[in-house]
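Accompanying notes for the structure given below.
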Amino acid sequence: MKKINGVIKAQQFDKETIDKIFTTASEMEVSPPKDLMKHKIMATLFYEPSTRTRLSFEIAMNKLGGSVVGTENAREFSSAAKGESLEDTIRIIAQYGVDIIVLRYNQEGGAERAQKFSEVPVINAGDGTGQHPTQALLDLYTIEKHFGSIDGLKLAMVGDLTNGRTVRSLSYFLGKHYPIKQVYFVSPKQTKMKNDIKDYFDKYHIKWEELDELDPIIGDIDVIYQTRVQKERFKDNPKIYEEVINASEKLIIDEGCVNKMKSNAIVMHPLPRVTEISYNVDHDRRAMYFQQAQNGLFIRMALLKLILAE
Amino acid sequence: MKKINGVIKAQQFDKETIDKIFTTASEMEVSPPKDLMKHKIMATLFYEPSTRTRLSFEIAMNKLGGSVVGTENAREFSSAAKGESLEDTIRIIAQYGVDIIVLRYNQEGGAERAQKFSEVPVINAGDGTGQHPTQALLDLYTIEKHFGSIDGLKLAMVGDLTNGRTVRSLSYFLGKHYPIKQVYFVSPKQTKMKNDIKDYFDKYHIKWEELDELDPIIGDIDVIYQTRVQKERFKDNPKIYEEVINASEKLIIDEGCVNKMKSNAIVMHPLPRVTEISYNVDHDRRAMYFQQAQNGLFIRMALLKLILAE
Amino acid sequence: MKKINGVIKAQQFDKETIDKIFTTASEMEVSPPKDLMKHKIMATLFYEPSTRTRLSFEIAMNKLGGSVVGTENAREFSSAAKGESLEDTIRIIAQYGVDIIVLRYNQEGGAERAQKFSEVPVINAGDGTGQHPTQALLDLYTIEKHFGSIDGLKLAMVGDLTNGRTVRSLSYFLGKHYPIKQVYFVSPKQTKMKNDIKDYFDKYHIKWEELDELDPIIGDIDVIYQTRVQKERFKDNPKIYEEVINASEKLIIDEGCVNKMKSNAIVMHPLPRVTEISYNVDHDRRAMYFQQAQNGLFIRMALLKLILAE
Chain A
34 MKKINGVIKA QQFDKETIDK IFTTASEMEV SPPKDLMKHK IMATLFYEPS
84 TRTRLSFEIA MNKLGGSVVG TENAREFSSA AKGESLEDTI RIIAQYGVDI
134 IVLRYNQEGG AERAQKFSEV PVINAGDGTG QHPTQALLDL YTIEKHFGSI
184 DGLKLAMVGD LTNGRTVRSL SYFLGKHYPI KQVYFVSPKQ TKMKNDIKDY
234 FDKYHIKWEE LDELDPIIGD IDVIYQTRVQ KERFKDNPKI YEEVINASEK
284 LIIDEGCVNK MKSNAIVMHP LPRVTEISYN VDHDRRAMYF QQAQNGLFIR
334 MALLKLILAE
Chain B
34 MKKINGVIKA QQFDKETIDK IFTTASEMEV SPPKDLMKHK IMATLFYEPS
84 TRTRLSFEIA MNKLGGSVVG TENAREFSSA AKGESLEDTI RIIAQYGVDI
134 IVLRYNQEGG AERAQKFSEV PVINAGDGTG QHPTQALLDL YTIEKHFGSI
184 DGLKLAMVGD LTNGRTVRSL SYFLGKHYPI KQVYFVSPKQ TKMKNDIKDY
234 FDKYHIKWEE LDELDPIIGD IDVIYQTRVQ KERFKDNPKI YEEVINASEK
284 LIIDEGCVNK MKSNAIVMHP LPRVTEISYN VDHDRRAMYF QQAQNGLFIR
334 MALLKLILAE
Chain C
34 MKKINGVIKA QQFDKETIDK IFTTASEMEV SPPKDLMKHK IMATLFYEPS
84 TRTRLSFEIA MNKLGGSVVG TENAREFSSA AKGESLEDTI RIIAQYGVDI
134 IVLRYNQEGG AERAQKFSEV PVINAGDGTG QHPTQALLDL YTIEKHFGSI
184 DGLKLAMVGD LTNGRTVRSL SYFLGKHYPI KQVYFVSPKQ TKMKNDIKDY
234 FDKYHIKWEE LDELDPIIGD IDVIYQTRVQ KERFKDNPKI YEEVINASEK
284 LIIDEGCVNK MKSNAIVMHP LPRVTEISYN VDHDRRAMYF QQAQNGLFIR
334 MALLKLILAE
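Note that the protein sequences, when read in sequence, are chains A, B and C.
My numbering numbers the first residue of the first sequence as 34 and each following residue consecutively.
My numbering numbers the first residue of the second sequence as 34 and each following residue consecutively.
My numbering numbers the first residue of the third sequence as 34 and each following residue consecutively.
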């Protein structure tokens, strides 16, 4: 396996590396080495707020005995009066002697630019409409952990498939590395999956189908990956937003819906949820979204180990 | 004593538990166990800013060797675009593997809701107009520490008694657990103590009296608990606010006023103060408000010990 | 050497103390004692955001094994509704048992006021238009580290010399303690160095000269200290701002300019830079500004050692 020198995008990982990350994540779950990151420092630089993601990285570092410095306010570096480039900021923070930088940036490509100017590893914690590779890894880990193997499964991706970053990143991983049996894109007609992902699945000979309701497939699928409507992307189209919300109503996962699923199936969601999964589903053992969030912690601990302590 | 599983409201504590908290706080003051919280993590989730309270909890955790992650910006979880419920947020943060959550919420009942969905203990650091139980504990601790016993004392609660959260919480503790001799409610007529607290004192046979000046009692009382006018509660009533401010002028504690007090009496204040205690009182040994703030540290360290290490 | 009890202003240091700080900084660079600050706590109270400075202090503390609590939001203490004085805030935070307070305040004199009311040492991390003494120390350290000695050098201070805080603080150190050979003030005519600094250099018999371009001296100087135009100070004078920006264009340090410098000369900048140093200069070995930022870390580690562990 190649040494991991940072996490910039999903495509950087080969199958061997992904397997190693998952094995390490399992170890983290069972017996985390409590002083592995002793005397090591993580800097979390968030150019847009994402408290949950930030806390997940910071807790991962703390659980391994490391320290954290950071800011929820990294835009201040590039504020009007001061106007510093991302490159300069990263270079300085790296030279301050931190061991790793976790970057959330508001524009696609931020992590890649940062890595070029950083003396220390950079982890991409989301860059605008670009990638959020640790999210994709934890999604995949959640599926593999539950089913033992991802091969041969039937997945339904549900909701706002046009704007959801997570379903896109997950698709890249699935298409390239896992011979799944079937993907269903279930969405309102206004928020269909884009063609690039469909072409991608075609290239890897993975069957896909588009639907606008769950009923025909609900009893047959292994994984529902539900997503919320990305309201912030419809700012200029309140009418279309309203249509999408209306069309999404029949895609809500509620108790009745879950009861039609196979007993071993799972419901995933990248969170936060709004109304697209009913609260009365939470107690069903098929509800996997809180464990999925927790798996993010193990994945991030594993990455810290593989980047800084291997 | 029952194990403390979290701190939600003042009423949860019996006398034995309060005594145990105070004994433990004294130990913390003398010789804090510097590695007691090693490898333990506190999450501070503040839905409204309260920097002093947050720092007090975080320092308490640090002094015992634990780590802290947190946000002053917890409202972002429930921001318009994302709209996550408090329950979901708490559940996720708890599952990230922190050992305790300190929550400041902007609505009454927040801590109680949080505790229901958290796998780990929750400490209420203030919930809207509701409770702030660690403040009440530190107030009580301050009195007991100074006088040896609270029984038989005469207290004056002064200022904005209608809106002040701290005097109300303190009253609940006093009425139920301590046979004090007399309470004076000293306030402008617009901000009198509400009837529920008066009824409560009646129920426990504690004498109370209302005044609008300090002079008749100043030489006779053991404790003055001064409070600031909660300006933010008068937003819609600027005229009444002005009346209250005017009527409060004769309730200002200054050097002359303190000099009339018994030599062993004390002046308390939950801080921040504005003008209701003159700066020239600070050097008088009866000025207890800075020590009172410091006692908050010891109380919070004690609670961490009793919740996480007993 | 006198014990350092805090860092309030540049003038507090005698030559012996400065030398000791620099020796200690060198040690920090080579082999930082990783547990020197174990069980010690730093509070960073920033009344205005300065993420780079805050992170530099926090990383310094972390690298020595200490903990940090803090806020980017310290203004909340003195918010309209609450209105607490700086003195009260400092007193309370000090009594919470932190070991040192790093203060960024929005008005000149803040650090000095704070030190009077603090039981623990205070470090001034910038107070309005006042001082930023650790910046001046790191500037000086950068020059001495590179040249071995500061005596006899020729320096050019370039840019917005009227409003730049760093060139002024550096001048105080240089004039008093170091027999440099010559200072050039190179600036647009609208942003000349003020007379107090010129008088100060006269008093210490240090030659100075004013220019509005670099060309006549570029091949002869040892140090260029470039600064950015402090845009925020020209809010009420957009026309003058434009003139300054235009006149600053010929003061930009680019590749051609650096190539005319002596091979051992250095280019410094307190950062952030905007356009006043071209990015193509970064790879030249005379570009010293990133190392200069890094030196800030060593200086801050040295100060922590000298204040808290000597």
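Each residue gets a CB set at the ideal place from its N, CA and C atoms; glycine is no exception.
A:N196 versus A:A326: straight-line alpha-carbon distance, rounded = 21 Å
request  = Report the residue from A:A169, A:I340 and A:L78 whose alpha carbon sits nearest the alpha carbon of A:N139.
outcome  = A:L78
query = Span of the beta strand (DSSP E) holding B:S100?
reply = S100 to T104
task = Report yes if the CB atom of C:K67 is closer than 7 Å to the CB atom of C:G98, and no otherwise.
result = yes
ask   = Is it the case that the CB of C:D269 approaches a heavy atom of the ligand ADP more closely than 6 Å?
value = Among the components of this structure there are no ligands whatsoever, and the ligand ADP is therefore not found.
query = Is the CB-CB distance between A:L207 and A:V200 below 7 Å?
reply = no
query = Listed from N- to C-terminal order along the chain, which residues in the segment 322-339 of chain C have their beta-carbon within a distance smaller than 7 Å of any beta-carbon of chain A?
reply = F323, A326, Q327 and L330
contact_flag[the segment 93-108 of chain C, the segment 90-106 of chain B] where n(CB pairs < 8 Å) is 3 or more = yes
inquiry  = Just to make sure I have the definition right: I need the residues of chain A whose C-beta is within less than 7 Å of the C-beta of B:R124. Which are they?
reply    = F323
task = Reducing DSSP to helix, strand and coil, say where A:K42 ends up.
result = coil
ask   = Comparing the C-beta of B:E109 with each C-beta of chain A, is any distance below 7 Å?
value = yes
ask   = How would you list, in chain order, the residues of chain C whose beta-carbon sits under 9 Å from the beta-carbon of A:T104?
value = P82, T84, R87, L88 and E105
message = Measuring CB atoms only, is the segment 257-276 of chain A touching the segment 304-320 of chain A, in the sense that at least three cross pairs come out at less than 8 Å?
response = yes
message = 7 Å is my cut-off, CB to CB: does A:K268 come that close to chain B?
response = no
key: Helix, strand or coil at C:V63 according to DSSP, with G and I counted as helix   = helix
Closer than 8 Å at the beta carbon, the chain A residues around B:D121 = L304, P305 and R306
request  = Could you confirm whether any beta carbon from chain A is found closer than 7 Å to the beta carbon of B:S151?
outcome  = no
Beta carbon proximity, A:I375 to chain B, threshold 7 Å = What is shown of chain A runs 34 to 343, which leaves residue 375 of chain A out entirely.
message = Can you confirm whether A:N95, when its beta carbon is compared against all beta carbons of chain B, has any partner nearer than 7 Å?
response = yes
inquiry  = With the cut-off set at 7 Å, would you say A:I134 and A:V40 are in Cβ contact?
reply    = no
request  = Could you say if the segment 212-229 of chain C and the segment 287-296 of chain C meet the contact criterion of at least three C-beta pairs nearer than 8 Å?
outcome  = no
query = So which residues of chain A does B:S100 contact, with C-beta pairs closer than 7 Å?
reply = N95
message = So B:V135 contacts chain A; which residues on that side make the cut at Cβ distance below 8 Å?
response = In chain order: nothing, as chain A lies at least about 13 Å away.
query = What separation, rounded to the nearest whole angstrom, lies between the Cα atoms of C:T86 and A:F110?
reply = 11 Å
ask   = When Cβ atoms are compared, which residues of the segment 54-75 of chain C fall closer than 7 Å to chain A?
value = K67
key: Where B:E91 meets chain C, residues with beta-carbon distance less than 8 Å   = V102
inquiry  = Let me make sure I understand the geometry here. Which of C:I273, C:F150 and C:E265 has the alpha-carbon closest to that of B:D315?
reply    = C:F150
key: Integer-rounded CB distance, given that C:M61 should sit under 8 Å from C:H179   = That pair is no contact at about 17 Å.
key: C-beta contact flag for B:A169 and B:R137 at 7 Å   = no
query = C:T77 bridges to which residues according to DSSP?
reply = C:G103 and C:V135
inquiry  = Helix, strand or coil for A:E282? Go by DSSP, reduced to three states.
reply    = helix
request  = Let me know if C:N297 comes out buried or exposed under the rule of 16 or more other beta-carbons within 10 Å of its beta-carbon.
outcome  = exposed
task = Count the other CB atoms, across all protein chains shown, that sit within 10 Å of the CB of C:N313; report buried if there are 16 or more and exposed otherwise.
result = exposed
message = Applying the 10 Å Cβ sphere with the 16-neighbour rule, what's the burial state of B:I239?
response = buried
task = Would you grab the beta carbon distance between B:Q128 and B:K42 for me? Rounded to a whole angstrom, and I think it's under 8 Å.
result = Their Cβ separation, rounded to whole angstroms, is 25 Å, which puts B:Q128 and B:K42 out of contact at 8 Å.
Candidates C:L88, C:I125, C:Q44 and C:K73: closest to B:T84 by CA position = C:I125
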